[in-house]
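S.K.: Chains as they are written, first to last, in my numbering: chain A, 31 to 302; chain B, 31 to 302; chain C, 31 to 302.
Ideal Cβ placement from N, Cα and C applies to all residues, glycine included.
Just so it is clear, the structure is predicted and the values come from calculations on it, not from any experiment.
Before we start, here is the structure in question, set down as structure tokens.
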Amino acid sequence: MLMKYHEQIYENLNRLRTQAPLIHNITNYVVMNTTANCLLAAGASPVMAHAIEEVEEMTSISGALVINIGTLDASWVKSMEKAMKTAKEQQIPIVLDPVGAGATSYRTQVVHKLLDEFPPDILRGNASEISALYSEHVQTKGVDSIRESSSAVKAARYLSDRYECVTVISGATDYVIGGQSQGRVFNGCALMGKITGMGCMATALAAGFTAVCELPFDAALSAMAVMGIAGEMAEQKSAGPGTFHPHFLDALYHMEQNEIEKRLKLDTGNAS
Amino acid sequence: MLMKYHEQIYENLNRLRTQAPLIHNITNYVVMNTTANCLLAAGASPVMAHAIEEVEEMTSISGALVINIGTLDASWVKSMEKAMKTAKEQQIPIVLDPVGAGATSYRTQVVHKLLDEFPPDILRGNASEISALYSEHVQTKGVDSIRESSSAVKAARYLSDRYECVTVISGATDYVIGGQSQGRVFNGCALMGKITGMGCMATALAAGFTAVCELPFDAALSAMAVMGIAGEMAEQKSAGPGTFHPHFLDALYHMEQNEIEKRLKLDTGNAS
Amino acid sequence: MLMKYHEQIYENLNRLRTQAPLIHNITNYVVMNTTANCLLAAGASPVMAHAIEEVEEMTSISGALVINIGTLDASWVKSMEKAMKTAKEQQIPIVLDPVGAGATSYRTQVVHKLLDEFPPDILRGNASEISALYSEHVQTKGVDSIRESSSAVKAARYLSDRYECVTVISGATDYVIGGQSQGRVFNGCALMGKITGMGCMATALAAGFTAVCELPFDAALSAMAVMGIAGEMAEQKSAGPGTFHPHFLDALYHMEQNEIEKRLKLDTGNAS
């Protein structure tokens with residue numbers, strides 16, 4: 031089984047590099063540069079555009095749409111809705127990142143509204159965010175998780191069922207949950223928690239993979255595996271979070287099949 | 031006395047790493063990523079949020095508030111005021127960065143309004159900015175200082191007295207001025223002037239320290255010392271401003287007591 | 031002739047370093063940090079400011095104005111117009127970057143409006159963008175070019191004639207076209223297409239050079255040559271797009287006459 035998956039992930043990565051799909055990002059100010067560079071390094075072609083006058087047209091020519099609420103405000107939410115409406119109508123995949131859900135009621139409400147109106151193909155958050163979308167009694171500490179990813183599995187399963195989407199919980203172990211399927215990715219390193227936008231990059235990369243994969247589950251699993259493996263490759267060359275970041279992009283750019291084969295730690299059984 | 035201070039600064043840094051306080055930043059677009067990474071490397075947990083609908087709630091759960099006017103506009107100023115009001119009511123420390131005060135009358139006016147309405151715990155700027163808040167005849171060249179930090183000491187003392195805050199003048203020598211106290215930090219390197227957002231990082235770091243220190247003076251002094259020492263550590267590994275930046279974050283992340291002890295150049299006497 | 035040009039380019043770079051002109055940028059969120067650092071590394075003093083209340087004043091004290099529509103919306107376009115009006119009145123050079131023109135009709139329309147109202151001194155885009163401004167039948171893939179730069183020469187010549195500006199087409203070969211003059215710069219490397227904002231940096235750098243050069247053609251040619259040479263210097267030290275970026279800034283910062291003399295590949299004949 032591992033054999034099968036590392037080959038599949040590499041094939042997906044190769045498709046990303048060969049097809050270079052346009053990925054439309056309506057995302058937060060903090061990570062715009064970072065996620066654009068992440069998508070470029072992985073082979074995709076990113077565009078950031080939020081004007082209400084153009085999001086419909088931009089989404090229409092894109093292979094996938096990223097919606098990330100990290101620095102949301104009312105006017106951006108309107109553009110997000112318009113872009114998501116376009117994507118649903120044209121069957122363009124949507125990946126939603128509920129950054130900081132649970133930290134303020136405004137964020138939680140906006141995410142619930144977007145989920146209800148335009149259920150995404152993939153929903154990716156950390157354990158705090160995913161939990162906060164399941165139970166309103168969960169408090170998030172800003173945008174960082176204060177929970178183990180395993181604690182949010184029940185929430186993720188509920189959200190996947192309700193919105194018929196794949197839900198990803200990022201953390202030391204990444205959970206990818208959708209329908210009857212569940213995957214766990216054990217790759218990655220602790221330094222990844224010390225660089226802003228790592229979660230947002232995973233979201234953007236998942237969108238990249240949805241543009242070249244048939245199944246959102248496959249796209250999400252590939253994204254989390256590639257993120258984790260690039261993290262491990264970068265850690266070996268880094269002296270801290272500052273030098274980690276450039277080496278991470280280099281790793282995305284250069285990742286070959288043997289690195290995936292050697293490093294992939296994946297479980298697709300249903301034990302949680 | 032030096033002995034005492036290097037131990038105090040390291041203890042403050044340790045508290046930052048252990049307590050990992052949430053720092054709410056309403057800051058400029060240019061440095062959002064940079065300051066988030068700076069706070070993470072130093073041990074804090076940054077969040078950027080500017081929507082009028084959520085700033086009250088976000089500030090309420092934070093250990094400190096950063097207000098940075100680097101790319102201000104009218105709608106952001108409203109959010110800044112609402113967040114500052116919340117912080118004052120709940121005794122959450124505020125650090126204000128008057129980026130580009132003196133470059134346009136709009137910036138200068140906004141800063142005066144914020145200072146009058148919600149005096150911060152710490153005000154940090156370069157010599158041009160601090161001088162421009164004291165005398166309207168001072169012209170700033172964009173966001174870069176065209177003065178020696180010593181030239182702004184009188185202005186800083188006036189502002190500290192008037193707003194009962196600690197005022198920091200960044201430069202080759204950093205001045206930390208509040209009440210009867212004055213500290214000068216001589217650490218740092220020339221390359222720090224060639225990377226955008228170094229001042230904004232100092233502001234964010236000062237906010238981090240206010241969340242774990244009792245006295246704003248102590249927080250400001252620790253921030254400027256840690257910035258300067260990290261700059262010196264990074265300079266040794268850098269070939270220019272591009273490679274300096276990642277090494278600077280690594281230095282923040284790894285800084286140990288012996289580095290502070292070895293490098294700290296601090297004067298807390300009252301001679302200016 | 032080559033002799034003459036490498037000396038001229040180095041003299042222009044030296045002027046940039048010595049005069050450190052203030053460059054006012056109304057630019058996109060993705061590259062604000064990147065272009066600020068690029069301008070600082072090359073010796074200029076960048077400021078980003080978009081508030082309608084202050085753009086007039088900020089442009090007035092600047093040596094050049096950058097208008098970059100990468101993440102435009104209606105309110106930013108108003109500020110761009112006000113700043114450009116000020117620049118025209120005060121004969122401050124303008125460099126316009128039509129990011130993503132052709133990707134959406136909104137972008138194309140905004141650029142046409144800005145060109146008609148306030149013709150810039152330099153217009154810089156990739157082949158897709160420049161072509162889209164010439165023929166409305168050209169479709170751009172987001173912000174990345176899908177054409178060879180040579181395919182846009184006719185479009186560039188038309189735009190240069192119509193708006194009496196210098197038009198730059200960036201690509202593997204950069205074309206600088208204005209009046210009866212044409213220059214081609216063959217410097218650069220493939221990795222430059224894998225980092226977001228490289229085109230935007232070229233635009234910002236061109237603005238830096240307009241502030242210290244008499245002729246926009248000379249400024250544009252210097253910017254493209256310095257970009258390409260810095261790219262080649264950085265490529266030698268890089269393992270991928272992540273490590274390329276810091277080395278690129280270092281190269282800008284350290285570039286000396288012998289590097290320009292050794293590497294410059296320039297043709298100023300009229301063969302296209």
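Closer than 7 Å, Cβ to Cβ, to anything on chain C: give me those residues from the segment 263-292 of chain B, in chain order.
M.R.: Here the close residues are ALA269, GLY270, PRO271, GLY272, THR273, HIS275 and PRO276.
S.K.: Does ALA104/B have its Cβ less than 8 Å from a Cβ in chain C?
M.R.: yes
S.K.: When the cut-off is 8 Å and only beta carbons count, does VAL77/A lie next to chain C?
M.R.: yes
S.K.: Would you check whether the ligand FMN has a heavy atom nearer than 7 Å to the C-beta of GLY213/B?
M.R.: Among the components modelled here there is no ligand, and therefore nothing to report on the ligand FMN.
S.K.: Determine the DSSP secondary structure at LEU245/A, reduced to helix, strand or coil.
M.R.: coil
S.K.: For the alpha helix (DSSP H) containing PRO123/B, list its first residue and its last residue.
M.R.: No alpha helix (DSSP H) contains PRO123/B, which DSSP labels as neither H nor E.
S.K.: Where does the unbroken alpha helix (DSSP H) through SER161/C begin, and where does it stop?
M.R.: Per DSSP, SER161/C belongs to the alpha helix (DSSP H) from 157-164.
S.K.: Bridge partners of ALA202/A, per DSSP?
M.R.: DSSP output for ALA202/A lists no bridge partner at all.
S.K.: So, helix, strand or coil for MET257/C, using DSSP?
M.R.: MET257/C: helix per DSSP, three-state reduction.
S.K.: Using DSSP's beta-bridge definition, name the partner residues of ASP297/A.
M.R.: ARG214/A
S.K.: Residues bridged to ASN67/B by DSSP?
M.R.: DSSP, once it has assigned bridges, lists no residue as partnering ASN67/B.
S.K.: Report yes if the C-beta distance between MET114/B and LEU70/B is below 8 Å; otherwise report no.
M.R.: no
S.K.: Just the Cα atoms here: how many angstroms apart are THR64/A and GLY299/B?
M.R.: Cα to Cα, the separation comes out at about 44 Å.
S.K.: Would you kindly work out how many angstroms separate the C-alpha atoms of ASP127/B and LEU296/A, rounded to a whole number?
M.R.: 46 Å
S.K.: Please say whether ILE259/A and ASN217/A have beta carbons closer to each other than 8 Å?
M.R.: Their beta carbons are under 8 Å apart, which means ASN217/A touches ILE259/A by this criterion.
S.K.: Specify, as a first and last residue, the run of the alpha helix (DSSP H) that HIS80/A falls within.
M.R.: Taken as a continuous stretch (DSSP letters only), HIS80/A belongs to no alpha helix (DSSP H), as it is neither H nor E.
S.K.: ARG177/A versus chain B: which residues are under 8 Å apart at the beta carbon?
M.R.: Residues of chain B passing the Cβ test: none, with the nearest at roughly 14 Å.
S.K.: By a C-beta neighbour count over all protein chains shown, 10 Å radius and 16 as the cutoff for buried, is ASN42/C buried or exposed?
M.R.: buried
S.K.: Is HIS142/C closer than 8 Å to SER109/C when the C-beta atoms are compared?
M.R.: In this structure, SER109/C lies away from HIS142/C, with their beta-carbon atoms at least 8 Å apart.
S.K.: Measure from the C-beta of GLN38/C to each C-beta in chain A and report whether the shortest distance is under 8 Å.
M.R.: Judged by the 8 Å Cβ criterion, GLN38/C is not in contact with chain A.
S.K.: Against ASP174/B, what residues of chain C qualify as contacts under a CB-to-CB distance less than 7 Å, listed in chain order?
M.R.: SER75
S.K.: Which ranges would you report for the alpha helix (DSSP H) in the segment 127-152 of chain A if only whole runs of at least 4 residues count?
M.R.: 135-147
S.K.: Considering only their Cβ atoms, is the gap separating ARG214/B from THR203/B smaller than 8 Å?
M.R.: Yes, Cβ-Cβ distance for THR203/B and ARG214/B is below 8 Å.
S.K.: Rounded to the nearest angstrom, what separates PRO166/A and GLY130/A at their Cα positions?
M.R.: One detail in the question is off: residue 166/A reads as Glu in this sequence, not Pro. So the alpha carbons of these two residues sit roughly 13 Å apart.
S.K.: Could you pull out every residue in the same chain whose Cβ sits closer than 6 Å to the Cβ of MET222/C, ignoring the five residues on either side in sequence?
M.R.: Closer than 6 Å at the Cβ level, and outside the excluded window around MET222/C, lie MET228 and GLY261.
S.K.: Flag ASN67/C as yes if its beta-carbon sits less than 8 Å from any beta-carbon of chain B, otherwise no.
M.R.: yes
S.K.: How would you write the range of the beta strand (DSSP E) that VAL96/C sits in, first residue to last?
M.R.: 94-98
S.K.: May I ask you to list the residues that DSSP assigns as paired with ILE52/A?
M.R.: With the sequence shown as reference, residue 52/A is identified as Leu, and Ile is not the correct amino acid for it. Partner(s): SER75/A.
S.K.: When burial is assigned at 16 or more other CB atoms within 10 Å of the CB, is GLN139/A buried or exposed?
M.R.: exposed
S.K.: For LYS224/C, would you say it is in contact with chain A, using Cβ-to-Cβ distances shorter than 8 Å as the test?
M.R.: Yes - at least one Cβ of chain A is within 8 Å of the one on LYS224/C.
S.K.: With three or more beta-carbon pairs closer than 8 Å as the criterion, would you say the segment 234-254 of chain C touches the segment 42-55 of chain C?
M.R.: yes
S.K.: Run down chain B in chain order and give the residues with a C-beta less than 8 Å from the C-beta of TYR59/C.
M.R.: Within 8 Å Cβ-Cβ: TYR59.
S.K.: Measure the alpha-carbon distance for SER75/B versus SER158/A and round it to whole angstroms.
M.R.: Going from the Cα of SER75/B to the Cα of SER158/A covers about 14 Å.
S.K.: Thinking just about the alpha-carbon of each residue, which of VAL183/A, ILE82/A, CYS219/A and ALA220/A is nearest to the one in GLY209/A?
M.R.: Closest option to GLY209/A, judged by alpha-carbon separation, among VAL183/A, ILE82/A, CYS219/A and ALA220/A: VAL183/A.
S.K.: List the residues of chain C whose Cβ lies closer than 8 Å to the Cβ of GLU111/A, in chain order.
M.R.: Neighbours of GLU111/A on chain C: none; closest Cβ ~16 Å, over 8 Å.
S.K.: According to DSSP, simplified to helix, strand and coil, what is LYS171/A?
M.R.: strand
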